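In this text, residue positions in the sequence shown follow the working numbering: the first is 7, and each later residue adds one.
For reference, the structure is listed below as structure tokens.
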Amino acid sequence: MSNFKVSIIIPVYNSEKYISEAVLSCINQRQTGEVILIDDGSKDNSLSVIDSLSKKYEKVKVLQHSDKKNHGRSASRNLGIMNAKCDFVAFLDSDDFFADNRFDYEEKIFESNPEIGGVYGITSAIFENENARTEFLKRFDSEITKVNDDVKPEELYKTFILGGFGRFTTDSVVFKKSVFEKSGLFFTEQKIKEDTSLWCRIAATSILVPNNNPKTVGIRRVHNFNSITNSDDINAEQERIMYFGLLRWALKQKSFSYDKKNDFYIAASRYFLGENEKSKFKYFLKQDFGTLFSRFGIRKFIQVMKN
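What follows is the structure in structure tokens.
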């Protein structure tokens, strides 16, 4: 009998309309060990709904932050990771749901390849209305989200910081819980693309492979109230936070090569300084990672990054 069991982590905020379907799509998976629902200070009837689900299904567990307030998706997912009992962790957004047999390919891959740290698959979007479809397709080329077939595991982190290779989403990944010891958890200061940042760090420190399943494993529900269709949630300052956080993290990784650290620097350089300061440091921004350090000075470089 397989020992492959997954802790599925779902942050819940004002999701009373969708959360039951999300949970049922988890319960119906043979490999589900537990479903961890983190109420993030919901103002609707979500807490009552998920409490009822926990009473009905033994595998469903409900958590709240200690102050029972809203802390955001990153802090909620981190709380779920820290409380996960299974050796494998997956994520689901509260308004999305899994396809049938979602973990079948992942189970085979992990059991036959013990060095693998994570497996990713394909997600597809469904739309509640035409406005949601229009807003989604302004940002993404297709309703299908996947990584290009020719991306090698050692190059996968570049997908998230340099672009051009496709990507995977929160609903399509399964990780060994142990990978977070090397990558760290979600950056709680990020309000958008918090998943992108963590996937990049995991891809840079662990071996991630595709599940080779041509079918969708996760279905993203796009509507007028999630972050995908809310343009106010997408701004340059949040991008800057993400790339700066990734660069600071990469600089601390002693095992990273010069070239790998340089990739993180190149990605962060577009948000390196405010508009008023860019002209002053324009020359240095054009240099590579090593030149920047040797001519600009490591202490000054770190000081500027902190400002």
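Yeah, the Cβ is synthetic: ideal placement off N, Cα and C, and Gly gets one too.
All values reported here derive from a predicted model rather than from experimental measurement.
In whole angstroms, what separates the C-alpha of Phe250 from that of Ser148?
In this structure, the alpha-carbon of Phe250 lies about 29 Å from that of Ser148.
Pairwise C-alpha distance: Thr211 and Trp205
C-alpha separation (whole angstroms): 10 Å.
Ile128 and Lys164 - do their beta-carbons sit closer together than 8 Å?
Contact flag unset, no.
Close beta carbons around Glu112, own chain, < 7 Å, minus the five adjacent residues each side
Excluding sequence neighbours, Glu112 sits near Val125, Val180, Asn217.
Three-state secondary structure (DSSP) at Glu245?
When DSSP states are grouped into helix, strand and coil, Glu245 belongs to the helix group.
May I ask you to verify whether the region 71-90 touches the region 104-111, counting CB pairs closer than 8 Å and requiring at least 3?
Touching, no, given that fewer than three Cβ pairs across the two stretches are closer than 8 Å.
In this structure, what does DSSP give as the bridge partners for Ile132?
In the DSSP output, where bridge partners are listed per residue, Ile132 has Arg227.
Is Asp177 near Arg145, with beta carbons less than 8 Å apart?
No, Cβ-Cβ distance for Asp177 and Arg145 is not below 8 Å.
Tell me Ala96's beta-bridge partners as DSSP assigns them.
Beta-bridge analysis with DSSP links Ala96 to Ile14, Val180.
What residue range is occupied by the uninterrupted beta strand (DSSP E) comprising Glu40?
For Glu40, the enclosing beta strand (DSSP E) stretches over residues 38-45.
Hey, Phe94 and Lys183 are a contact pair by Cβ (cut 8 Å); roughly how many whole angstroms apart?
About 7 Å separates the two Cβ atoms, so the contact holds.
Sequence-distant residues of its chain with Cβ nearer than 7 Å to Val18 (five each side left out)
Around Val18, the same chain offers Ile25, Leu43, Ile44, Asp45, Asp46, Ser48, Ser52, Ile56, Ser100 as residues with beta carbons nearer than 7 Å, after the five sequence neighbours per side are excluded.
Helix, strand or coil at Leu5 [DSSP, three-state]:
Given a span of 7 to 313 for the chain in the structure shown, any question on residue 5 remains unanswerable.
Of all the options Phe10, Phe133, Ser54, Val185, which has the alpha carbon lying nearest to the alpha carbon of Gln35?
Of the listed residues, the one whose Cα sits closest to Gln35 is Phe10.
Would you call Ala138 buried or exposed, if buried means 16 or more other Cβ atoms sit within 10 Å of its Cβ?
Under this definition Ala138 is a buried residue.
Enumerate in chain order the residues of its own chain whose CB-to-CB distance from Tyr344 is below 8 Å, with the five nearest sequence positions on each side excluded.
Here the chain covers residues 7 to 313 and nothing more, so residue 344 does not appear.
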